[in-house]
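Novice: To start, I am sharing the structure in question, which I have written as structure tokens.
Protein chains: 2
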Amino acid sequence: MANSSRRKSSSSPTLADVAAHAGVSPATVSRVLAGNYPVSRSANQRVLRSIRELNYSANTHARALAGVQTKTIAFILADVRGQSFADAAHGVEQEASRRGWLSLIGTTQGDSERELALVQLMREQRAGAVILIGGVTNEAADYRAKMTDLARSLHSAGSLLVLCGRPPLGDDVPTAVIEYDNEQGAYAMTSHLLSQGHRRTLFLAGPERQSTSMQRLAGHRRALHDFGVPDAPELVEHGVFTRASGYQLTKNRLAAGQDFTAVFAATDVVAAGVYAAAAEFDLRVPEDLSVVGYDDVELAQDLRPRLTSVHVPYEELGRAAAKIALDSQHQQPDWTGAHRLFTTHVVVRNSVTRRD
Amino acid sequence: MANSSRRKSSSSPTLADVAAHAGVSPATVSRVLAGNYPVSRSANQRVLRSIRELNYSANTHARALAGVQTKTIAFILADVRGQSFADAAHGVEQEASRRGWLSLIGTTQGDSERELALVQLMREQRAGAVILIGGVTNEAADYRAKMTDLARSLHSAGSLLVLCGRPPLGDDVPTAVIEYDNEQGAYAMTSHLLSQGHRRTLFLAGPERQSTSMQRLAGHRRALHDFGVPDAPELVEHGVFTRASGYQLTKNRLAAGQDFTAVFAATDVVAAGVYAAAAEFDLRVPEDLSVVGYDDVELAQDLRPRLTSVHVPYEELGRAAAKIALDSQHQQPDWTGAHRLFTTHVVVRNSVTRRD
DNA sequence: GGCAGCATAGTTAACGTTTTCTACACGGAG
DNA sequence: CTCCGTGTAGAAAACGTTAACTATGCTGCC
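For the protein sequence lines, the chains are S and Z, in the order given.
Here the first sequence is numbered in full-length UniProt numbering, starting from 1 and rising by one per residue.
Here the second sequence is numbered in full-length UniProt numbering, starting from 1 and rising by one per residue.
Rendered as structure tokens:
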């Protein structure tokens, strides 16, 4: 009495199955579901009951194919384990779910090839918007060209590419950009260090070709220059944004003999590594070594001494990105890209001491 | 010369557009893409060139509708910001991408309604597998029934529901289960505390109806019982798995007068909150108050003193879940559910002192 | 020299929705 | 008593792929 199709007895029921079960046409079922067309009370109830009895759920792909927009927003980041990006992801998620959108997270592990592939994938999936969070690792012309193409094709498909915490692709590329002042934050932090008398600061940067890393380093250098402190290339080390990296780099430096009074870690978790290395060499923070970080994640308050850091409003950044992406849905197709810049500021805690 | 369709001049090019541009039939283009059928050298090249020139990308929805399996694995967790789940997510991601699958993360914020909706959504999206990580918040019959239905319908669609770190739904429900010994870990930790002479331990549990929280509490109670320590309901507080919760709960307790020598926090980040509260009352850890946590995330090593915690192999958990989910793809449809149990163990650091 | 077999190519029917178009009663107004 | 909205229903055409059929020259074998 129930299903007449034999071949797919084990597959999910389709709209046609529901229609047959309820004794109406497929169109009527679709209408009950959409609720955008008058359907008689009795038909409505029968359909609803059949849906429940057959445990029917619509096939999103068919639905998408028929032209219904998939309310999906994608955001792509390097690694979920980084507290800062997780915060941003949370912001995106929050804003998206508030509007009834589904959000998907994809991770690149810092690989720009994988990043391109993911954006491409999201374009194929017809995501309503794609948000890219975090610095760019690859500034090769080839990469830029490909990403530009993707931005254009996303845009022409009614979607939008949002660049969050990374440099724009160019004025003629249809993207929205959300930035925070990386360079300025580092400038302020280094100024703070200098004002406390630190003339030799070890800067633990991120990867050498990573935009976030380079911007922070640039801010640091500019402050040094403005304060008339000569550039000391030997006081810059490149690593990755992990605790292990901070630990290893610091340990190596300390083993080679300490010739700096402070360490500026590119990230709070890197700073945690610095703390660990310092402890191993029986160096007290901040008495023997001052340490500062960047991002101001929760961890900064749990380290002892509490870590002086640069605050970045990651969650808000994510929320703003989602907001722009979602708002663009109702805009004209010729909508011109938004550009927002968030500010950063130094949060002073107890990890820096005065030196003379 | 290029596109003849006018209505959709701004939309993405379709396979038919490519075919027209290359002067071949749609089928040939599809074959070039799939590479599962002989195509002449010349046709192949023309198609490839047209694809590049038109910047074509296949519509996943149409593809999925035509029966091609979407290589997508979904994993659903409460909150990306939790370090432990992020680790698990990383494990899943790692394993999935290793096999060329895309993984999507969805978050529930601990809301079981949202969890059901997400699984439903993933079922609609025809995900190859759905992994649920973390404890269940709702044990209502209604919830169980719905999740059971979803598991069945996922299974009958050739997909699989993997329950990770949460109790099974029942023997007759087609799911795979990955667990870790929550109860045993808590038992071991409380035993450790008792062996150090702590007779009054404040247990900071998670939400009252949360399986992980309840299992840890059960282990704690069993140890108490086995050591002949009378049950003290006033020494159990329920909160959530955040630093703020641990901080507030401990502060309240401390303000009311300390009648315990140790705190067992349900989670490392909760323990971080305990540290903060203790510091505010000028209590030294562990001299004045011993503290232990659960999960053994990176943070445990950054707290001072270093936190004694129960190690849970989250990343491995995630990897195992993905492995089972992906392996099931090649299995018989009547494949019976796997069940794996990971063990946990106490990692002793410096946050507990002896009491007599 | 007819014909099986093979390498290519095109036709066409799914796949499961949504969304026009039609279709048909049923009232009430002229 | 016709005619026209109006409320409700079904038929059928998209949507963009894939895959199962056909269709066509060839090559080479009896």
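For glycine and all other residues, C-beta sits at the position ideal for the given N, C-alpha and C.
These numbers come from a predicted model, not from an experiment.
Using C-beta distances below 6 Å, list every residue in its chain close to S:Arg-222, excluding the 5 sequence neighbours before and after it, in chain order.
Specialist: Cβ neighbours of S:Arg-222 beyond the five flanking positions: Tyr-187.
Novice: By the 10 Å Cβ neighbour count, where 16 or more other Cβ atoms means buried, how is Z:Pro-286 classified, buried or exposed?
Specialist: Buried, because 16 or more other Cβ atoms sit within 10 Å of the Cβ of Z:Pro-286.
Novice: Pull up the distance between the alpha-carbon of S:His-220 and that of S:Pro-305, whole angstroms please.
Specialist: 23 Å
Novice: Go ahead and pull the three-state DSSP assignment for Z:Thr-72.
Specialist: strand
Novice: Does the Cβ of S:Ile-133 have 16 or more other Cβ atoms within 10 Å, making it buried, or fewer, making it exposed?
Specialist: buried
Novice: Assuming S:Ala-129 contacts S:Ile-178 under a Cβ cut-off of 8 Å, what Cβ separation, rounded to an integer in Å, is found between them?
Specialist: Contact flag wrong, Cβ pair sits at about 12 Å.
Novice: Can you pull the DSSP bridge partners for S:Leu-116?
Specialist: Answer by DSSP bridge pairing: none, since S:Leu-116 is not bridged.
Novice: Under DSSP, the alpha helix (DSSP H) around S:Leu-235 begins and ends at which residues?
Specialist: Per DSSP, S:Leu-235 belongs to no alpha helix (DSSP H) and is neither H nor E.
Novice: I'd like to know whether the C-beta of Z:Ala-338 is nearer than 8 Å to at least one C-beta of chain S.
Specialist: no
Novice: Which residue from Z:Val-274, Z:Arg-319, Z:Trp-101 puts its Cα closest to that of Z:Ser-202?
Specialist: Before going on, a small fix: residue 202 of chain Z reads as Leu here, not Ser. Considering only alpha carbons, the answer is Z:Val-274.
Novice: Does the Cβ-Cβ distance between Z:Leu-224 and Z:Thr-190 come in under 8 Å?
Specialist: yes
Novice: Please list the terminal residues of the continuous alpha helix (DSSP H) segment that includes S:Leu-217.
Specialist: For S:Leu-217, the enclosing alpha helix (DSSP H) has its first and last residue at 211-226.
Novice: Going along chain Z, which residues have a C-beta under 7 Å from S:Ser-30?
Specialist: In chain order: nothing, as chain Z lies at least about 15 Å away.
Novice: Please report the straight-line C-alpha distance between Z:Pro-38 and S:Leu-121, rounded to a whole angstrom.
Specialist: 27 Å
Novice: Please identify, using Cβ separations under 7 Å, the residues of the UniProt domain "HTH lacI-type" (13-67) of chain S that lie next to chain Z, in order along the chain.
Specialist: Asn-55, Ser-57, Ala-58, Asn-59, Thr-60, His-61, Ala-62, Ala-64, Leu-65
Novice: What does the Cβ neighbour count give for S:Ala-27, buried or exposed, with the cut at 16 atoms within 10 Å?
Specialist: exposed
Novice: Does the beta-carbon of S:Glu-115 have 16 or more other beta-carbons within 10 angstroms, so that it is buried, or is it exposed?
Specialist: buried
Novice: So which residues on chain S does Z:Ile-133 lean against when the C-beta distance must stay under 7 Å?
Specialist: Under the 7 Å cutoff, chain S gives no residues; its nearest Cβ is about 12 Å from Z:Ile-133.
Novice: When you compare the CB of residue 437 of chain Z with every CB in chain S, is at least one pair closer than 8 Å?
Specialist: Because chain Z here runs from 1 to 356, residue 437 of chain Z falls outside it and cannot be looked at.
Novice: Based on the DSSP secondary-structure assignment, which residues constitute the bridge partners of S:Ala-104?
Specialist: In the sequence as displayed, the identity of residue 104 of chain S is Leu instead of Ala. The partner list for S:Leu-104 (beta bridge, DSSP) reads S:Ala-74.
Novice: Would you call Z:Pro-168 buried or exposed, if buried means 16 or more other Cβ atoms sit within 10 Å of its Cβ?
Specialist: exposed
Novice: Going by DSSP in three states, S:Leu-132 sits in which element: helix, strand or coil?
Specialist: S:Leu-132 sits in a strand when the DSSP states are folded into three classes.
Novice: Would you please state the rounded distance, in angstroms, between the beta carbons of Z:Glu-316 and Z:Gly-67? I believe it to be under 8 Å.
Specialist: About 35 Å separates the two Cβ atoms, so there is no contact after all.
Novice: In chain order, what residues of the same chain have a beta carbon less than 6 Å from the beta carbon of Z:Leu-118, not counting five sequence neighbours either side?
Specialist: Ile-76, Gly-106
Novice: With H, G and I counted as helix, E and B as strand and the rest as coil, what does DSSP make of Z:Phe-85?
Specialist: helix
Novice: When we look at the beta-carbon of Z:Arg-52 and count the other beta-carbons within 10 Å, is it buried (16 or more) or exposed?
Specialist: Here Z:Arg-52 is exposed, its C-beta having fewer than 16 other C-beta atoms within 10 Å.
Novice: Give me, in chain order, the residues of the same chain whose beta-carbon lies closer than 6 Å to that of S:Val-32; leave out the 5 immediate sequence neighbours on both sides.
Specialist: Val-39, Asn-44, Val-47
Novice: Identify, in the order they occur along the chain, each residue of the same chain with its Cβ nearer than 7 Å to the Cβ of Z:Ser-25, setting aside the five sequence neighbours on each side.
Specialist: Ala-19
Novice: Identify whether S:Ala-277 lies in helix, strand or coil by the three-state DSSP scheme.
Specialist: helix
Novice: From the DSSP output, in three-state form, read off S:Val-263 for me.
Specialist: S:Val-263: strand per DSSP, three-state reduction.
Novice: Identify each residue in the segment 96-111 of chain Z for which the Cβ-Cβ distance to at least one residue of chain S is less than 9 Å, and report them in chain order.
Specialist: Ser-97, Leu-102, Ser-103, Leu-104, Ile-105, Gly-106, Thr-107, Gln-109
Novice: Taking 8 Å as the cut-off, does the segment 94-101 of chain S touch the segment 133-148 of chain S (at least 3 CB pairs, one atom from each stretch)?
Specialist: no
Novice: Using a Cβ cut-off of 8 Å, pull out every chain S residue sitting near Z:Ser-153, in sequence order please.
Specialist: Ser-12, Asn-55, Ser-57
Novice: Is there a Cβ from chain S that is less than 8 Å from the Cβ of Z:Asp-302?
Specialist: yes
Novice: Should S:His-90 be flagged as near chain Z, meaning a C-beta pair shorter than 8 Å?
Specialist: Chain Z, which has a Cβ nearer than 8 Å to the Cβ of S:His-90, makes this yes.
Novice: Within 8 Å of any Cβ in chain Z, is that where the Cβ of S:Asp-87 sits?
Specialist: yes
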